[in-house]
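Per the working numbering, the very first residue in the sequence shown carries number 91; after that it's consecutive. Just so it is clear, CB atoms sit at the ideal spot from N, CA and C, and this is done for glycine as well. This report refers to the structure that appears directly beneath it.
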Amino acid sequence: MCIGSRGRSAVAPAAALIASVIALLSASAAPAQPASVEELVSAVVRINTHITPDGRTVQGLGREREGSGILIDADGLVLTIGYLMVEAYAAEVVDNNGRAVPANVVGYDHETGFGLLRTIEPLKLKPMPLGKSAEIREGDPVLIASFGGPAMVGGAYVVAKREFAGSWEYLLDEALFTAPPHPAWSGAALINREGKLVGVGSLIVGDAARGGEKAPGNMFVPIDRLAPILGDLITAGRTAGAGRPWLGLNTEELRGRLFVSRVTPSGPAERAGIKSGDVIVGVNGEQPKNLADFYRKVWAQGTAGATVALDVLQDSQVRRFEVKSINRLDHLRLKSTF
Numbered sequence: 091m092c093i094g095s096r097g098r099s100a101v102a103p104a105a106a107l108i109a110s111v112i113a114l115l116s117a118s119a120a121p122a123q124p125a126s127v128e129e130l131v132s133a134v135v136r137i138n139t140h141i142t143p144d145g146r147t148v149q150g151l152g153r154e155r156e157g158s159g160i161l162i163d164a165d166g167l168v169l170t171i172g173y174l175m176v177e178a179y180a181a182e183v184v185d186n187n188g189r190a191v192p193a194n195v196v197g198y199d200h201e202t203g204f205g206l207l208r209t210i211e212p213l214k215l216k217p218m219p220l221g222k223s224a225e226i227r228e229g230d231p232v233l234i235a236s237f238g239g240p241a242m243v244g245g246a247y248v249v250a251k252r253e254f255a256g257s258w259e260y261l262l263d264e265a266l267f268t269a270p271p272h273p274a275w276s277g278a279a280l281i282n283r284e285g286k287l288v289g290v291g292s293l294i295v296g297d298a299a300r301g302g303e304k305a306p307g308n309m310f311v312p313i314d315r316l317a318p319i320l321g322d323l324i325t326a327g328r329t330a331g332a333g334r335p336w337l338g339l340n341t342e343e344l345r346g347r348l349f350v351s352r353v354t355p356s357g358p359a360e361r362a363g364i365k366s367g368d369v370i371v372g373v374n375g376e377q378p379k380n381l382a383d384f385y386r387k388v389w390a391q392g393t394a395g396a397t398v399a400l401d402v403l404q405d406s407q408v409r410r411f412e413v414k415s416i417n418r419l420d421h422l423r424l425k426s427t428f
């Protein structure tokens with residue numbers, strides 16, 4: 091199953107693509123530019139993952155997953171988007187020459203969406219250096235590279251840096267949005283004009299631009315979110331601390347109301363009695379302004395394990411449900427390193 095992709099047809103004719111990439115890189119004053127497009131994208135690899143049969147994410151994401159990852163050190167550490175590898179028991183990494191190397195699961199972070207794998211032996215490829223996503227500005231030209239070599243590199247522009255709230259209890263204060271969309275976005279590398287990694291591909295969206303304008307594009311997780319958690323992910327497989335309270339809800343914002351679109355089986359919300367189709371109207375008596383505000387109000391109740399009072403419109407009546415939260419990682423069927 092190729093998660094988050096509309097196929098792997100070439101993004102642009104090779105000659106025109108290479109010319110545009112070279113032009114973009116040559117506009118930079120960086121002292122050490124990649125020698126070629128091939129060198130630039132050689133760090134972008136294919137990852138194949140095999141998921142625990144009874145994994146909690148199997149129904150939505152499948153047992154076999156495929157996408158891109160980015161080599162970020164000389165010892166085989168590969169950064170990807172977490173939904174490609176969460177609950178994996180085995181994985182392999184394939185370079186652009188077709189060489190496949192088994193990889194171990196290193197870590198997963200729900201709050202950012204990042205996942206890490208490490209190959210069992212070095213890939214003998216040049217890692218992609220990390221840039222600073224904070225320095226990216228709206229309107230900047232960028233490259234998007236997925237596995238498959240230069241034919242899978244496309245040019246784009248950063249059309250927005252703004253908040254993103256996902257239905258699965260996920261919030262980025264500032265995500266990177268690009269257009270036009272890349273057809274193979276899952277785990278793709280967002281590369282600045284210095285040839286450095288500034289984001290990891292997560293989604294295709296219909297409203298990439300600001301102001302609610304209908305403009306299809308991609309959403310990337312900013313690379314600056316990696317450094318504060320990288321050490322924990324490598325040593326423990328997860329970030330330190332109790333983590334945020336997780337309720338097991340998928341929530342959609344429609345016409346100014348927060349509808350429960352899905353309740354995770356055996357999750358905290360289901361155990362409390364909340365159902366799909368309910369409407370969230372309050373958190374501990376406070377009405378959330380929107381989906382992002384709902385999450386912030388929930389997380390303000392404490393760490394994982396806190397009881398969250400949700401005011402819910404159910405069967406034409408507003409009822410209060412006391413939801414005993416957990417850490418989402420404790421709900422998933424993860425490797426013992428987590």
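So, with DSSP's three-state summary, where would you put A102?
Low local confidence applies: a pLDDT of 48 at A102 is under 50, so the model's placement there is unreliable, and no value is given.
Measuring CB to CB, does G239 end up less than 8 Å from E128?
For G239 and E128, yes; Cβs fall inside 8 Å.
Considering only their Cβ atoms, is the gap separating P306 from A298 smaller than 8 Å?
Closer than 8 Å, so yes.
Going by DSSP, name the residue or residues bridged to M309.
F267, L293.
Assign A359 to buried or exposed, taking buried as 16 or more other Cβ atoms, counted over all protein chains shown, within 10 Å of its Cβ.
Result: buried.
Are there 16 or more other CB atoms within 10 angstroms of the CB of N380, so buried, or fewer, so exposed?
Classification for N380: exposed.
Who are the near neighbours of G331 in its chain, counting only those whose CB is closer than 8 Å to its CB and skipping five residues on each side?
Around G331: T393.
Using DSSP's beta-bridge definition, name the partner residues of R410.
Paired residues: D401.
Are the beta-carbon atoms belonging to P271 and I294 less than 8 Å from one another?
Against a cut-off of 8 Å, the Cβ pair of I294 and P271 comes out as a contact.
Distance, Cα to Cα, G197 vs R208?
So the alpha carbons of these two residues sit roughly 10 Å apart.
Pull up the distance between the alpha-carbon of I370 and that of L233, whole angstroms please.
Whole-angstrom Cα-Cα distance: 40 Å.
Considering Cα atoms alone, identify which of L130, D383, I226 is closest to N186.
Nearest of L130, D383, I226 to N186, Cα basis: L130.
Identify, in the order they occur along the chain, each residue of the same chain with its Cβ nearer than 7 Å to the Cβ of E228, setting aside the five sequence neighbours on each side.
So the list reads V248, V249, A250, K251, once near-sequence residues are dropped.
May I have the straight-line CA-CA distance separating E342 from R423, to the nearest angstrom?
Approximately 26 Å between the Cα atoms of the pair.
What did DSSP end up calling E343 once you bin it into helix, strand or coil?
Three-state result, E343: strand.
Which of the three DSSP states, helix, strand or coil, is assigned to Q377?
Three-state result, Q377: coil.
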